[in-house]
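K.L.:
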Amino acid sequence: MKVLFLVQKEQRAILDRLYDGVAANCECDLRWLTSEDQRNLRRYFKREVQVERYDRIVFFLRFKQEIRQVAFIRTVPNLVILEHDAYQNYIPCKYTGKFSAHYRQLPWARVISSGYMVSERLRQEGFDAVFVPKGYDEQLLGDQGRERDIELAFVGSTNSVAYSGRKALLDELGRVEDLVVTRTKSGEDYCNTLNRIRFFVSADVGMGEYMIKNFEAMACGCVLLAYDQGEEENRALGLQDMHNVVFYNSIPTLQEKLRRLRAEPELARRIAENGRQLAVSRFSFAAVGRSIVDHMRPALRPHPPLSAWQRLRLKLGI
Numbered sequence: 006m007k008v009l010f011l012v013q014k015e016q017r018a019i020l021d022r023l024y025d026g027v028a029a030n031c032e033c034d035l036r037w038l039t040s041e042d043q044r045n046l047r048r049y050f051k052r053e054v055q056v057e058r059y060d061r062i063v064f065f066l067r068f069k070q071e072i073r074q075v076a077f078i079r080t081v082p083n084l085v086i087l088e089h090d091a092y093q094n095y096i097p098c099k100y101t102g103k104f105s106a107h108y109r110q111l112p113w114a115r116v117i118s119s120g121y122m123v124s125e126r127l128r129q130e131g132f133d134a135v136f137v138p139k140g141y142d143e144q145l146l147g148d149q150g151r152e153r154d155i156e157l158a159f160v161g162s163t164n165s166v167a168y169s170g171r172k173a174l175l176d177e178l179g180r181v182e183d184l185v186v187t188r189t190k191s192g193e194d195y196c197n198t199l200n201r202i203r204f205f206v207s208a209d210v211g212m213g214e215y216m217i218k219n220f221e222a223m224a225c226g227c228v229l230l231a232y233d234q235g236e237e238e239n240r241a242l243g244l245q246d247m248h249n250v251v252f253y254n255s256i257p258t259l260q261e262k263l264r265r266l267r268a269e270p271e272l273a274r275r276i277a278e279n280g281r282q283l284a285v286s287r288f289s290f291a292a293v294g295r296s297i298v299d300h301m302r303p304a305l306r307p308h309p310p311l312s313a314w315q316r317l318r319l320k321l322g323i
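If you read the sequence shown in our numbering, its first letter stands for residue 6, the second for the next number, and so on.
1. Among Thr198, Val185, Ala173 and Lys172, which residue has its Cα nearest to the Cα of Asp148?
2. Give me the residue from Arg79, Gln55 and Gly226 with the minimum Cα distance to Asn200.
3. Can you name the start and end residues of the alpha helix (DSSP H) that Phe290 belongs to?
4. Does the region 45-63 come close enough to the region 88-101 to have 3 or more Cβ pairs within less than 8 angstroms?
5. Along the alpha helix (DSSP H) that carries Phe104, what are the first and last residues, could you check?
6. Could you round the C-beta distance between Glu156 and Ile256 to whole angstroms and report it? I think they count as a contact, below 8 angstroms.
7. I need the DSSP call for Val54, collapsed to helix, strand or coil.
8. If you compare alpha carbons, which of Tyr215, Glu143 and Val123 is closest to Phe136?
9. When burial is assigned at 16 or more other CB atoms within 10 Å of the CB, is Met216 buried or exposed?
10. If Asp142 sits next to Ile19, beta carbons under 8 angstroms apart, how far is it from one beta carbon to the other, in whole angstroms?
11. What residue from Gln315, Ala292, Leu266 and Val27 has the CA that sits closest to Val228's CA?
12. How about Leu87 and Ile297: do their beta carbons lie closer than 8 angstroms?
13. Along the chain, where does the beta strand (DSSP E) that runs through Val8 open and close?
14. Between which residues of its own chain and His107 is the CB-CB distance below 6 angstroms, once the five residues before and five after are set aside?
15. Kindly indicate the opening and closing residues of the alpha helix (DSSP H) around Arg264.
16. Which value, in whole angstroms, describes the spacing of the CA atoms of Arg67 and Tyr232?
17. Please return the same chain residues whose Cβ sits closer than 8 angstroms to the Cβ of Gln234, not counting the five positions on each side in sequence.
18. What are the complete alpha helix (DSSP H) segments, minimum 4 residues, inside the region 168-210?
Written as structure tokens, this is what we have:
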């Protein structure tokens, strides 16, 4: 299977290993699109792409740019959309409902979503949606076996509207526990910091799926204290409370479980190790990349023939 994989050149997250994981499992033509390329996909395709050469064309681009170019995207054959932010379709934010509206105009495209329940809800709306979770970069992140001198911490952003619930919970927890909230550079600095943390607080409040930080913290040997996203999401990921993760849905619940873990360090050690093993076996970018390719292989829904006007615009690049 020959795949054209279009990704963002300017992206804060380091996802190179994910792209390697995809490329290792198919004949992959990986292209890094600049912001300018993403703003004018019609021109980019006219200049750089022969669509007939590919069995699948995968978009992993900025949603903000995709929704502005539906007329062109409707002409792209064998389209697969990889999406890590479709949870915003179902939470109060500027993109509420906009993913559904976008996919409604592309009913033949396959959507690979990083949330199990998000993919379920999209399927219930009639879309060809499948689930592949987020993961972590196994070449950048891992358990170093070092002393953990930060007991309770969160590392990451709390600034955007989508993270308002995260910030509120961390602020509340910080009033009753000695919580460290910090940010680091990606890569080595981030890995070193995670390896200093005993209990990593994941506060994905109201998101309906687990963000990438959960898998990164597990891989680095932290005990993951995760805001509970629900039984079905947890089952799909293999997450089990007090076995490989610690779930909470309120500050009092989190504090109660923390007290037990502090009193039973061997239990905490086992949870951390079980979580690390799960992350290594299922959520490395090598494993996630392989799953992405497996989910794009089955036949796509039929794409309707292009109109004479669409064919003319493609030929002229207008």
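All C-beta atoms in this analysis are idealised placements derived from N, C-alpha and C, irrespective of residue type, glycine included.
P.N.:
Judging by the given coordinates:
1. Numbered from its first residue, the sequence shown carries residue 148 at position 143. If we check each option's Cα against that of Asp148, Thr198 comes out closest.
2. Start at 1 with the first residue of the sequence shown, and residue 200 comes out as number 195. Nearest of Arg79, Gln55 and Gly226 to Asn200, Cα basis: Gly226.
3. Counting from one through the sequence shown, the residue named residue 290 turns up at place 285. Phe290 to Met301 is the extent of the alpha helix (DSSP H) around Phe290.
4. no
5. For the purposes of this step, residue 104 is identified with residue 99 of the sequence shown, where counting begins at 1. Lys103 to Arg109 is the span of the alpha helix (DSSP H), which, as asked, contains Phe104.
6. By one-based count along the sequence shown, residue 156 stands at place 151. By one-based count along the sequence shown, residue 256 stands at place 251. That belief does not hold up - the Cβ atoms of Glu156 and Ile256 are roughly 16 angstroms apart, past 8 angstroms.
7. What you label residue 54 is simply residue 49 of the sequence shown in a count that begins at 1. Coil at Val54, not helix or strand.
8. Start at 1 with the first residue of the sequence shown, and residue 136 comes out as number 131. It is Val123.
9. Residue mapping note: residue 216 aligns to position 211 of the sequence shown, counting from 1. Buried.
10. Looking up residue 142 in the sequence shown gives position 137. Looking up residue 19 in the sequence shown gives position 14. Indeed, because the Cβ distance is near 6 angstroms, the residues count as touching under 8 angstroms.
11. If you number the sequence shown from 1, residue 228 lands on position 223. Ranking the options by Cα distance to Val228, first place goes to Leu266.
12. Here residue 87 corresponds to residue number 82 of the sequence shown, with the count starting at 1. Here residue 297 corresponds to residue number 292 of the sequence shown, with the count starting at 1. Yes; because the gap between Cβ atoms is below 8 angstroms, this pair is in contact.
13. In the sequence shown, counting from the first residue as 1, residue 8 sits at position 3. Annotation: the continuous beta strand (DSSP E) that includes Val8 extends over Lys7 to Gln13.
14. Position 102 of the sequence shown, counted from the first residue, corresponds to residue 107. The answer, listed in chain order, is Ile72.
15. Looking up residue 264 in the sequence shown gives position 259. Arg264 -> alpha helix (DSSP H) spans Ile256 to Ala268.
16. Here residue 67 is taken as the residue at index 62 of the sequence shown, counted from 1. Here residue 232 is taken as the residue at index 227 of the sequence shown, counted from 1. Approximately 27 angstroms, taken between the alpha carbons.
17. Locating residue 234 in the sequence shown gives position 229, counting from the first residue. For Gln234, where only same-chain residues beyond five positions count, the Cβ hits under 8 angstroms are Met122, Asp209, Met212, Gly213, Glu214 and Tyr215.
18. Whole alpha helix (DSSP H) segments, 4+ residues: 169-179 and 193-199.
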